[in-house]
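Residue numbers (full-length UniProt numbering): 1 to 670.
Right, one structure below, let's go through it.
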């Protein structure tokens, strides 16, 4: 009788809540059981541990599937579906509605984290008797349990809604007018959450005292993949902002943008720094600290995004989870620092840097610069919050602050990207540097000359173009050497895959310098049939059209560029939310984009419209750079072919770049 009386709504809520509570209990007991079995050496109990990971992963997947079903079947008995669901929203955006608000985003985070935990368990299930593996999985169970608790308790994604509701407003209009909303958040989460894996191994290394180089072997590829996903997620966010928000930019130092950029900075420092520990056993404290900082910053970023303490187009509405996230962040920092202090003696490096003019010296400088960069971004992001909490007044830290402080750091990093790849380990002579930097320096001079020839005049932009060419020359030099000696197979491996990533980052940096420094903007009241000239282009308003869908209505202006194809910037009113959203229209070119927005129009068939025109140089190269970052990350994830000194016997491999061989460091062991 009770079963017959259950509605579809109560079934979704019951199954979702049940999945979350089972996942929470399983994760807690999994952590306790694994810790107990590791301490006592209970092998029989160890053999049961994988089941906990399978159940936790399965329940997270079940909860996500139930919520997706509720969204797609318009189950308005659930409060979350009432908040973001709508019968008039296309299926694509109803799927994306899963992560378009606070509760659903936590569910996606949980699914990603439980998936990582289950996969790590599958990969290492036969090595659970190794304390390093076991304690790493204990940490992952604890983090997973925390997010099960958040999803079940403070956010309660399966809470019942108000009775009698039969339709909802749908997602925020900004999140239902571009296909990138399907890809940007999930890929960003794969990076954000993925740093839990190397963090867990770092904590396990501190617990077991095995802080040498062994734990790095288990984490370096996971850190690389997490970094790659985070990089692409950030870039897709910039692309989404460019295509949707109508201000023609890709990065505005928004607090939520900064929340994803902070772990990217410390993660990038770690990926470089770990090479020194692997090669020379140095920078142990740096590497442990960078991983801990990266994971802690992901939690801090989650707090900033989901606590409702900041106003941002990216941020979610006020929620109740802020104190929990802030408390968890505090626990991470206190426990991690305590473990580092406990293992201080073992973290001492066995070697020292012989010369600042060496590969390890360059990586140490790299660490310092990225850490300073992260501090600057963190300070600018949280300082207004601190002032508001202490003095009850609001201040804003704007883009000029970030630009002024980040520009010199970025330029020095470009210089390091040029010099570091040609430096040998231990010490470099001035003659060696002169020989290896000659061609890259020539390319830098050529790029600088081209920039001056096309009209660049600002010193910061000129430095960016020149140093970008210098750094690109160093990366290309290494890739040419690698392919000359090993064919195309030489591109595979961490060293040369990293150079492909460098090329991508250089393209992004130069494109940002060009677009930010040399964008031209004009705003015109265009009349039908009367062309307007701007920056060597002509723009003609052909007509103003009305359009209407089940969920929206609006006006778009057909604007012909240079007498050719018409582009249609629009203003759309989403009727359920009552919001007007501008949609830009972009003509993409190899050297520049022409970006149109509709600022003001009266009605369909009007004889005039107010159009803003942005001429944006080199935007396309930013997306090409992102493609190179993706390709380089994949190449770097696979082991490269080791090259041997032909003079060395088979039983005695000699690392390339070693002082005994005189070989190029660019084809070093990966």
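In this text, a Cβ means the ideal position worked out from N, Cα and C, and glycines have one as well.
>> Comparing C-alpha positions only, which one of 140, 330, 52 and 83 sits nearest to residue 67?
In response: Position 67 of the chain shown, counting from 1, holds the residue named residue 67. Closest option to residue 67, Cα to Cα, is 83.
> By how many angstroms is the C-alpha of residue 261 removed from the C-alpha of residue 595?
Replying inline: Along the chain shown, one-based indexing puts residue 595 at 595. Along the chain shown, one-based indexing puts residue 261 at 261. When rounded, the distance between both Cα atoms is 26 Å.
> Taking DSSP as the reference, what is the three-state secondary structure of residue 280?
Replying inline: Translated into positions along the chain shown, residue 280 becomes position 280. In the displayed model, residue 280 falls within a helix according to three-state DSSP.
> With 16 other CB atoms within 10 Å as the buried threshold, where does residue 220 fall?
Replying inline: For the purposes of this step, residue 220 is identified with residue 220 of the chain shown, where counting begins at 1. Flag for residue 220 reads buried.
> Hey, residue 440 and residue 465: beta-carbon distance below 8 Å or not?
Replying inline: Position 440 of the chain shown holds residue 440. Position 465 of the chain shown holds residue 465. Cβ distance not < 8 Å, so residue 440 and residue 465 don't count as in contact.
> Rounded to a whole number of angstroms, what is the C-alpha to C-alpha distance between residue 85 and residue 585?
Replying inline: Within the chain shown, residue 85 is the residue found at index 85, counting from 1. Within the chain shown, residue 585 is the residue found at index 585, counting from 1. Cα to Cα, the separation comes out at about 28 Å.
>> Can you tell me which residues form a DSSP beta bridge with residue 573?
In response: Walking along the chain shown from the start, residue 573 turns up at place 573. Listed as beta-bridge partners of residue 573 by DSSP are 553 and 580.
> Among the residues of its own chain, which have a CB less than 6 Å from the CB of residue 381, if the five just before and after it don't count?
Replying inline: Taking the chain shown and counting its residues from 1, the one referred to as residue 381 is at position 381. Excluding residues within five positions, the ones whose Cβ falls inside 6 Å are 255 and 258.
>> Buried or exposed for residue 477, going by 16 or more other Cβ atoms inside 10 Å?
In response: Taking the first residue of the chain shown as 1, we reach residue 477 at position 477. Answer is buried; the Cβ neighbour count reaches 16.
> Around the C-beta of residue 89, are 16 or more other C-beta atoms found within 10 angstroms, so that it is buried, or is it exposed?
Replying inline: Here the question's residue 89 lines up with position 89 in the chain shown. By the 10 Å Cβ count, residue 89 comes out buried.
> Would the beta-carbon of residue 274 fall within 8 Å of that of residue 216?
Replying inline: The count along the chain shown starts at 1 and reaches residue 274 at position 274. The count along the chain shown starts at 1 and reaches residue 216 at position 216. The answer is yes: Cβ separation under 8 Å.
> Thinking C-alpha only, which one of 330, 429, 279 and 493 is nearest residue 633?
Replying inline: The count along the chain shown starts at 1 and reaches residue 633 at position 633. Nearest to residue 633 by C-alpha distance, out of 330, 429, 279 and 493, is 493.
> Should the stretch 325–337 be called in touch with the stretch 236–245, which here means at least 3 C-beta pairs below 8 Å?
Replying inline: Per the Cβ contact rule, the stretch 325–337 is not in contact with the stretch 236–245 (fewer than 3 Cβ pairs under 8 Å).
>> Quick check on residue 435: buried or exposed, where buried means 16 or more other Cβ atoms within 10 Å of its Cβ?
In response: In the chain shown, residue 435 corresponds to position 435, counting from 1. When all chains shown are included, residue 435 counts as exposed.
>> Just checking: is the beta-carbon of residue 335 within a distance shorter than 8 Å of some beta-carbon in chain B?
In response: No chain B appears in this structure, which consists of one protein chain only.
> Who are the Cβ neighbours of residue 298 in its own chain at under 7 Å, not counting the five residues just before and after it?
Replying inline: Looking up residue 298 in the chain shown gives position 298. Cβ-Cβ distances below 7 Å link residue 298 to 192, 195 and 263 in the same chain, with the five nearest sequence neighbours on each side left out; the list follows chain order.
>> For residue 279 and residue 639, what's the separation of their Cα atoms in angstroms?
In response: For the purposes of this step, residue 279 is identified with residue 279 of the chain shown, where counting begins at 1. For the purposes of this step, residue 639 is identified with residue 639 of the chain shown, where counting begins at 1. Near 16 Å, if we compare the C-alpha coordinates of residue 639 and residue 279.
> Can residue 440 be considered in contact with the ligand NAP, in the sense that its beta carbon sits closer than 7 Å to one or more heavy atoms?
Replying inline: Among the ligands in the structure shown, none appear at all, so the ligand NAP cannot be discussed.
> Candidates 568, 460 and 198: which alpha carbon is nearest residue 133's?
Replying inline: Taking the first residue of the chain shown as 1, we reach residue 133 at position 133. Residue 198 is the option with its Cα nearest to residue 133.
> In whole angstroms, what is the alpha-carbon distance linking residue 530 and residue 113?
Replying inline: By 1-based counting over the chain shown, the position of residue 530 is 530. By 1-based counting over the chain shown, the position of residue 113 is 113. Taking the straight line from one Cα to the other gives about 57 Å.
> Closest to residue 542 by CA distance: which of 488, 577, 553 and 608 is it?
Replying inline: To locate residue 542, count along the chain shown from 1; it is residue 542. When each option's Cα is compared against that of residue 542, the closest is 608.
>> Counting C-beta neighbours from all protein chains within 10 Å, is the total for residue 348 16 or more, i.e. buried, or is it exposed?
In response: What you label residue 348 is simply residue 348 of the chain shown in a count that begins at 1. Within a 10 Å sphere around the beta-carbon of residue 348 sit fewer than 16 other beta-carbons, which makes this residue exposed.
> Between residue 269 and residue 291, which are expected to be in contact by the criterion C-beta below 8 Å, what is the C-beta distance as a whole number of angstroms?
Replying inline: Locating residue 269 in the chain shown gives position 269, counting from the first residue. Locating residue 291 in the chain shown gives position 291, counting from the first residue. In this structure residue 269 does not touch residue 291 by the C-beta definition: roughly 10 Å separates them, more than the 8 Å allowed.
> Is it true that the CB of residue 515 sits closer than 8 Å to the CB of residue 408?
Replying inline: Reading the chain shown from its first residue, position 408 is the one you call residue 408. Reading the chain shown from its first residue, position 515 is the one you call residue 515. No, the Cβ-Cβ distance between residue 408 and residue 515 is not below 8 Å.
>> Could you tell me the alpha carbon to alpha carbon distance between residue 350 and residue 456, rounded to whole angstroms?
In response: Along the chain shown, one-based indexing puts residue 350 at 350. Along the chain shown, one-based indexing puts residue 456 at 456. Those two C-alpha atoms are separated by around 49 Å.
> What are the residues that DSSP puts in a beta bridge with residue 466?
Replying inline: The residue given as residue 466 occupies position 466 in the chain shown. Partner(s): none; residue 466 has no beta bridge.
>> Are the CB atoms of residue 523 and residue 610 within a distance shorter than 8 Å?
In response: Counting from one through the chain shown, the residue named residue 610 turns up at place 610. Counting from one through the chain shown, the residue named residue 523 turns up at place 523. Yes, Cβ-Cβ distance for residue 610 and residue 523 is below 8 Å.
> Do the stretch 615–631 and the stretch 496–516 make contact, defined as three or more Cβ pairs closer than 8 Å?
Replying inline: Counting Cβ pairs under 8 Å, three or more are found: they touch.
> Is residue 357 near residue 427, with beta carbons less than 8 Å apart?
Replying inline: Residue mapping note: residue 357 aligns to position 357 of the chain shown, counting from 1. Residue mapping note: residue 427 aligns to position 427 of the chain shown, counting from 1. For residue 357 and residue 427, yes; Cβs fall inside 8 Å.
> Taking the alpha carbon of residue 224 as the point to measure from, which residue in 267, 135 and 325 has its own alpha carbon closest?
Replying inline: For the purposes of this step, residue 224 is taken as residue 224 along the chain shown, with counting starting at 1. Residue 224 has its Cα closest to that of 267, out of 267, 135 and 325.
>> Does residue 18 come out as helix, strand or coil in the three-state DSSP assignment?
In response: Along the chain shown, read from residue 1 onward, the residue named residue 18 stands at position 18. Residue 18: helix per DSSP, three-state reduction.
> When we look at the beta-carbon of residue 323 and count the other beta-carbons within 10 Å, is it buried (16 or more) or exposed?
Replying inline: Numbered from its first residue, the chain shown carries residue 323 at position 323. With fewer than 16 Cβ atoms within 10 Å of its Cβ, residue 323 is classed as exposed.
> When the Cα atoms are used, what is the spatial distance from residue 170 to residue 576?
Replying inline: For the purposes of this step, residue 170 is taken as the residue at position 170 of the chain shown. For the purposes of this step, residue 576 is taken as the residue at position 576 of the chain shown. Each residue's Cα considered, the two are about 8 Å apart.
>> As an exercise, report each continuous alpha helix (DSSP H) stretch of at least 4 residues that is fully enclosed by the stretch 465–549, in chain order.
In response: Qualifying alpha helix (DSSP H) stretches, in chain order: 494–518.
> Do the stretch 98–108 and the stretch 149–167 meet, that is, are 3 or more Cβ pairs less than 8 Å apart?
Replying inline: The stretch 98–108 vs the stretch 149–167: in contact.
>> Please identify the residue among 566, 593 and 183 whose C-alpha is closest to the C-alpha of residue 518.
In response: Indexing the chain shown from 1 puts residue 518 at position 518. It is 593 whose Cα lies nearest to the Cα of residue 518.
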